[in-house]
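Under the numbering used here, residues 287 to 639 are what the sequence shown spells out, in order. Just so it is clear, CB atoms sit at the ideal spot from N, CA and C, and this is done for glycine as well. All figures in this text were calculated on a predicted structure; none of them were measured in a lab.
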Amino acid sequence: MSMPGPPTPATRRNPGIDMPGSFDEATSFQSLCRAARRAARGKRQLLETARFLFRMEPEVLCLQQELRAGTYRPRPYRTFAVRDPKPRLISAAAFRDRVVHHALCEAVEPALERAAIAHSYACRPGKGLHAAIRTAQRFARRWEYVLKLDVQHFFETADHAVLKALLARRIPDARLLDLAALFVDAGAPGAQPGKGLPIGNLTSQHFANLYLAPLDQFVTRSLGLGGYVRYMDDVLVFAHERAGLWGARDAVCRMLRERLRLSLRDDATRVAPVTEGLPFLGLSIRPGSLRPSPRRVRAFRHGLRTIERQWREGALDEGARERRAAAIVGQTLHADALRMRRAFFERLARTGW
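Shown next, in the form of C-alpha cells:
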C-alpha cells in the first residue's frame, strides 16, 4: 500500500470559508503531518521535537492509530511558573500531544470563528495583540469613558460542563467533539475537578475564545454597547457616560455568574475617563499615546538585567544573549517607549546594571 503524499495547497483548509472539519480529516496522515510541522515551529532545536521529526512517519502513524482506535490519551503536563508580568503556571504538553492540538484546532477553527465577533482579538486569523491595541486606542479617541473588566482566574475556573455544552453546539462530528472533550476533561494542573484550562495549550486559547463568546454577544447585542474590545479574558467597554458603564458592569457580573459560572476581579474593575490612561495588555493607552505600564517597565528592566547577569556568568552565549534581549525589546517597539529604552541602556552601559 502506498503512503499518502505530502499535502498540496489545495488540500489545506481555509478557516472562515470551509465547513468544520471531520474527525477523519483531522486524523488523516496529511493533517497530522501538517500539525507536526506547525507544532515544531520555533522548537526544532528541542530534543523531544527533533526525535519526533526524525521519525515523523512512524510517529504520525502511531498517533493516527491511537486516535482512530479510541485509545489515545494525553500525557502528563510539565509545569513551570513564569512572570509575564504577573505570575502564571504554564502547562507544557508533550510534543505528540501538541501535534494533536494543532490537528484538532485546524479542524474546529472555522466553527469557532463563526461564534466570534469582530472585536475579539486573541488567537484568531488576522487579529492579534497589536490589532487589539490599535482598536482600543481608536475607541479611546471616540468615547469619553472606559470600563475595564478582568475575569477572576479565568483559566483556573473555566467550567468544563459549560465549555462542553458550547462545543457541542458548534461541532457536529461526534468523534471530533469527543476528542475536544478529552482535552477539556484533562483539566489544568492544580485546578478543582471539572474546572480549568491549562495555560500553554493551543486548544485552551481556542476554547477560551468560544467560552467567552456569549459575553461578547451580551455586551454588544443585549446591552447595545458597540465600543468593545476583548483579548482573551481582558475586556474594555467604551461609552459616553460613566453611569451607563457601571450599569453594564453589574449586568456583566450577573451574566457571568448565571450563564458562565465565572466572576469578575473587583480590584481590576474600574470606570475612568480615557484621558487617564486605560491599562490593557501591558500598556497605558490614551487617545494620543501608548506607554508601557509601570508593571511592564519593571518586567522589561528585570528581564534585561537577568540576561546580562547570565551572560556575564557564562550561562548564555553571545547569540542567545542577543536573541533574548531582542525579544524583550521587541515587546516595547509598538509603544511610545524610546526614551525609556535609551535611559535603561545608557545606565546599563555606564554601571553594568
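- Taken through DSSP and simplified to helix, strand or coil, residue 559 comes out as strand.
- Sequence-distant partners of residue 456 (beyond 5 residues in either direction) whose C-beta falls short of 8 angstroms from its own C-beta, in its chain, are 306, 394, 397, 398, 400, 401, 496.
- In the three-state reduction of the DSSP assignment, residue 376 falls in the strand class.
- Counting C-beta pairs closer than 8 angstroms gives fewer than three between the region 502 to 511 and the region 409 to 416, which falls short of the contact rule.
- The beta carbon of residue 480 lies closer than 6 angstroms to those of 446 in the same chain, with the five residues before and after it left out.
- If you check the CB distance, residue 442 and residue 414 do not come in under 8 angstroms.
- Just so you know, the alpha carbons of residue 588 and residue 352 end up roughly 45 angstroms apart.
- Restricted to the region 511 to 546, the beta strand (DSSP E) segments that are unbroken, complete and at least 3 residues in length are 513 to 517, 520 to 525, listed in chain order.
- The residues 431, 432, 434, 564, in chain order, have a CB closer than 8 angstroms to that of residue 558 in the same chain once the five nearest residues on each side in sequence are set aside.
- Across the structure, residue 561 and residue 574 are spaced so that their CA atoms are roughly 9 angstroms apart.
- In this structure, the beta-carbon distance from residue 318 to residue 385 falls below 8 angstroms.
- For residue 575, there is no enclosing alpha helix (DSSP H); the enclosing beta strand (DSSP E) has its first and last residue at 575 to 578.
- Boundaries of the beta strand (DSSP E) around residue 432: 431 to 436.
- Residue 459 carries a coil assignment under DSSP once its states are collapsed to helix, strand and coil.
- For the pair residue 448 and residue 491, the Cα-to-Cα distance works out to about 16 angstroms.
- Its Cα nearest to that of residue 361, the residue 468 stands out among 538, 468, 328.
- Uninterrupted alpha helix (DSSP H) stretches at least 4 residues long and entirely within the region 583 to 635 occur at 604 to 616, given in chain order.
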